[in-house]
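First residue of the sequence shown: 7, per my numbering; consecutive thereafter. Glycine included, each C-beta is placed from N, C-alpha and C at the ideal position. Predicted, not measured: the structure shown is a model, and the values here were computed from it.
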Amino acid sequence: MLAPTLRKNDKLAQRLIYAVSLIVFIAVIVLSRVKLDVSLPFDVHIFAAINAGINSTVSLLLLAGLFTAMMKKFEAHKKIMLTAIVLSVFFLLSYI
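In structure tokens:
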């Protein structure tokens with residue numbers, strides 16, 4: 007069986023999660039108040055389609071991760087979950 011990467015109730019991981027969550031929350035609030043009057047040479051609505059694609063892919067990866075965990079294929083599960091996390095980070099960065 008694959009050894010866990012983090013200990014259960016890891017205090018450092020919890021602090022890191024809280025800090026990143028707070029930073030993202032503040033960034034969204036600050037950026038929502040910024041109004042830019044720029045004319046871009048492309049349709050900015052393409053980002054909505056890209057974000058939808060990323061979210062759809064992540065949802066499929068989460069289902070695949072669930073099934074691989076149920077089949078006790080933990081190495082594949084870990085790779086799938088890490089891919090889902092990376093794509094979620096890309097979504098978050100493109101969103102804010």
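Since residue i is in the alpha helix (DSSP H), which residue starts that stretch and which ends it?
| i | result |
| --- | --- |
| ILE35 | 17-38 |
| LYS84 | 80-101 |
| ALA58 | 52-76 |
Please go through the same chain and pick out, in chain order, the residues whose beta-carbon is closer than 6 Å to the beta-carbon of residue i, but skip the five residues on each side of it.
| i | result |
| --- | --- |
| SER94 | VAL64 |
| LEU46 | none |
| LEU22 | none |
| ILE52 | none |
One question on the structure: do residue i and residue j come within less than 7 Å of each other, judged by their Cβ atoms?
| i | j | result |
| --- | --- | --- |
| SER66 | ALA90 | Reading off the sequence shown, one finds Leu at residue 66, where the question assumed Ser. No, the pair does not count as a contact, with Cβ atoms beyond the cut-off. |
| ILE86 | ALA75 | no |
Mind reading off the beta-carbon distance from residue i to residue j? Whole number of angstroms is fine, and I expect it under 8 Å.
| i | j | result |
| --- | --- | --- |
| LEU98 | VAL30 | 7 Å |
| LEU28 | ILE102 | Not quite, the Cβ-Cβ distance comes to about 13 Å (not below 8 Å), so this is no contact. |
Note down, in chain order, each residue of its chain lying with its Cβ closer than 7 Å to the Cβ of residue i, except the 5 sequence neighbours on either side.
| i | result |
| --- | --- |
| ILE60 | LEU93, PHE96, PHE97 |
Under 8 Å Cβ to Cβ from residue i, same chain only, skipping five residues before and after it: list those, please.
| i | result |
| --- | --- |
| ASN57 | PHE97, SER100, TYR101 |
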